[in-house]
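Step one of this worksheet: look at the structure below.
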Amino acid sequence: MFFGYFIPTLVSIKMKLRRLENENLAFLERVNIEMQKALHKRFEKYFYLKEDSLDAVIAAIVIPDVKLRFLKTLLETANNITEDDIKTHLNHYGLEFAKQLEKTPNATSISSQASFLDFGDEPIVECIHETPQLGNVFRETGAYLSDHETSLEMLNSYPIVKQIFVKYNTALPSSAPVERLFSFAGIINRSRRQNLSDSNFEMLVLRKANMTDMN
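Here the sequence shown stands for residues 5 to 219, where the numbers follow my numbering.
As structure tokens, then:
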């Protein structure tokens with residue numbers, strides 16, 4: 005499972021909960037509404053595409069069976085940004101790798117049928133707008149977004165996109181860093197700090213982890 009599936013999974017859960025509104029849930033109707041509110045509150049920065057969530061968005065776009073499919077639903081809440089803005093960010097990310105391309109072995113394929121991902125989308129035809137300043141980077145990302153192939157092997161045809169994928173979707177080779185974060189979370193989450201908000205709790209845990217790495 006790649007990091008790029010994080011935001012698409014949130015969007016998919018949102019769509020599935022929304023569809024339940026049309027079902028006769030009887031006593032669970034209120035539960036469904038509260039679950040949707042809780043989902044938005046917990047992952048607010050991703051649903052509203054705040055600046056520090058862009059890495060997760062780019063990681064999703066460079067997964068071939070996702071690309072821009074999740075954006076339509078996500079932009080319902082993130083009305084401060086447009087699809088063109090997201091494409092511009094992708095191009096800027098691509099510039100970082102334009103001069104650092106290396107040949108790598110073919111990756112394994114991903115099935116084009118995603119049993120869980122659900123974006124409520126129709127077949128998408130991507131529009132390509134000329135951006136001469138970005139040259140090859142723009143042409144490659146535009147061609148990638150227009151390509152209907154969904155396997156990871158297609159990334160071999162788009163070396164810049166592939167480098168972005170490798171950077172943001174490579175799994176940690178060891179669980180030790182994650183286990184350390186859980187340890188730090190246990191140190192922070194004590195009875196005297198029961199009223200910490202999610203964002204403050206996350207900030208304190210990451211600060212503790214970063215301070216440890218610096219020492």
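The C-beta atom is built at its ideal place from N, Cα and C for all residues, glycine as well.
Which residues in the same chain as residue i place their Cβ atom closer than 7 Å to its Cβ, once the five residues preceding and following it in sequence are excluded?
i      : result
Met158 : Pro68, Asp151
Please work out which residues of its chain come closer than 8 Å, Cβ to Cβ, to residue i, disregarding the five sequence neighbours upstream and downstream, and give them in chain order.
i      : result
Val209 : Leu185, Phe188, Ala189, Ile192
For residue i versus residue j, is the C-beta distance shorter than 8 Å?
i      : j      : result
Asn173 : Gly8   : yes
Thr77  : Tyr52  : no
Lys71  : Ile62  : no
Phe74  : Val15  : yes
Lys20  : Asp122 : yes
Leu99  : Val141 : yes
Asp202 : Arg22  : no
Phe10  : Ala60  : yes
Ends of the alpha helix (DSSP H) at residue i?
i      : result
Val66  : Counting along the chain, Val66 falls outside any alpha helix (DSSP H), and DSSP gives it neither H nor E.
Glu80  : Note, Glu80: premise wrong, no alpha helix (DSSP H); not H, not E.
Gly139 : 139-150
Tyr172 : 163-173
Thr13  : 10-23
Glu48  : 48-51
Arg184 : 180-192
Asn26  : Where Asn26 is concerned, there is no enclosing alpha helix (DSSP H), given that its DSSP letter is neither H nor E.
Return the residue from the list the options that minimises the CA-CA distance to residue i.
i      : options                       : result
Ile37  : Ala60, Val165, Lys18, Gly98   : Lys18
Phe101 : Glu144, Glu183, Lys45, Lys212 : Glu144
For residue i, collect the residues of the same chain with a Cβ closer than 6 Å to its Cβ; drop the 5 residues on either side in sequence, then sort them by chain order.
i      : result
His44  : Phe51
Gln167 : Phe101
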